[in-house]
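To start, the structure itself, in structure tokens.
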Amino acid sequence: MIQTLEEMVRRFCAYGLELKDCDGFTHDWCTLLLALELAYKTSIHASTNQTPAILEKGWNPKLPQDSLRKDLIEIHPTAASFKGMLDKARKHAVRCMEDSFAYAKEKWDKSHATPDFKVGDLVLVSTTNFNNIKGCKKLKDSFAGPFVIKALHGENAVEVELSEELSNKHPTFPVSLIKPYKSSDAEKFPLRNKVPQVIPPIESSGSKKINKVLKEGKLRTNK
147 MIQTLEEMVR RFCAYGLELK DCDGFTHDWC TLLLALELAY KTSIHASTNQ
197 TPAILEKGWN PKLPQDSLRK DLIEIHPTAA SFKGMLDKAR KHAVRCMEDS
247 FAYAKEKWDK SHATPDFKVG DLVLVSTTNF NNIKGCKKLK DSFAGPFVIK
297 ALHGENAVEV ELSEELSNKH PTFPVSLIKP YKSSDAEKFP LRNKVPQVIP
347 PIESSGSKKI NKVLKEGKLR TNK
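Each residue of the sequence shown is one higher than the one before, starting from 147 at the first, in the numbering used here.
Right, here's the structure in full:
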């Protein structure tokens, strides 16, 4: 949401919006920023199906120009010019807001596409939550596998067939932590050996033997 607001304000300010009234005064985006705020607060959001003004105040704000009667015979030229300037600024604000929403949706859909996994596919599992892997965390493999998909739990979770070394891990993972395994093409890479299944080294949970005592001391407690 913050990125969308930032993109909306950037679009509203970047195109050099400048309007002049009948008195010759120039109004830039700083003085017309109220039109962008009003356009955002009165726009219906898809997540709530309501406007932010309705959720916050209980009513949609209106400008004085919205209360002018259309059947008026005489309107002061300054008032008519000011109303036309605000209408143009409001249309520009609505266009900038719609463009920013469309850009945010397109950017989100690119990185959050619905995965197309099936039972029997080979996938790699992320080792982000594998806390019992030996060695330095910076040098550990980002993914382990490949593993065979055993079952699908909706669209957001996958159950895989883990090896014996990882049998203590829960076999169900969210789709954000797995990715499809792409096997090597034998025709393009005939000299490439078959890649074995990669299993990260797991620390043993058994008792360890003490080889040497470096320091010995007594701890006194106050009774």
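Glycine included, C-beta positions come from ideal geometry on N, C-alpha and C.
Which of helix, strand or coil DSSP assigns to residue i
| i | result |
| --- | --- |
| residue 288 | coil |
| residue 198 | helix |
| residue 319 | strand |
| residue 108 | Examination of residue 108 is not possible in this model, given that the chain is present from 147 through 369 alone. |
| residue 238 | helix |
| residue 189 | coil |
| residue 261 | coil |
| residue 233 | helix |
| residue 177 | coil |
| residue 366 | coil |
| residue 205 | coil |
| residue 150 | helix |
| residue 245 | helix |
| residue 359 | coil |
| residue 256 | helix |
| residue 224 | helix |
| residue 282 | coil |
| residue 251 | helix |
| residue 332 | coil |
| residue 276 | coil |
| residue 337 | coil |
Paired residues, beta bridge with residue i - DSSP
| i | result |
| --- | --- |
| residue 307 | 294 |
| residue 397 | Any answer about residue 397 is impossible in this case: the structure gives the chain only from 147 up to 369. |
| residue 299 | 303 |
Identity of the residue in the options nearest residue i by Cα
| i | options | result |
| --- | --- | --- |
| residue 121 | 285, 283, 323 | Within the shown structure, residues of the chain are numbered from 147 to 369, placing residue 121 beyond reach of any answer. |
| residue 270 | 260, 250, 295 | 295 |
| residue 155 | 246, 286, 194 | 246 |
| residue 291 | 309, 305, 299 | 309 |
| residue 183 | 172, 252, 197 | 197 |
| residue 299 | 262, 330, 315 | 262 |
| residue 172 | 305, 362, 228 | 228 |
| residue 132 | 189, 160, 191 | What the structure shows of the chain is the stretch from 147 to 369, and residue 132 is not part of that stretch, so it cannot be assessed. |
| residue 277 | 265, 252, 357, 315 | 315 |
| residue 205 | 359, 189, 220 | 189 |
8 Å Cβ cutoff met for residue i and residue j
| i | j | result |
| --- | --- | --- |
| residue 181 | residue 239 | yes |
| residue 231 | residue 185 | no |
| residue 288 | residue 272 | yes |
| residue 326 | residue 267 | yes |
| residue 297 | residue 321 | no |
| residue 260 | residue 301 | yes |
| residue 250 | residue 150 | yes |
| residue 318 | residue 305 | yes |
Rounded distance between the beta-carbons of residue j and residue i, thought under 8 Å
| i | j | result |
| --- | --- | --- |
| residue 187 | residue 207 | 6 Å |
| residue 178 | residue 235 | 4 Å |
Cβ-heavy atom distance, residue i to the ligand NAP, below 7 Å
| i | result |
| --- | --- |
| residue 333 | The ligand NAP is not among the ligands present in this structure, which contains no ligands whatsoever. |
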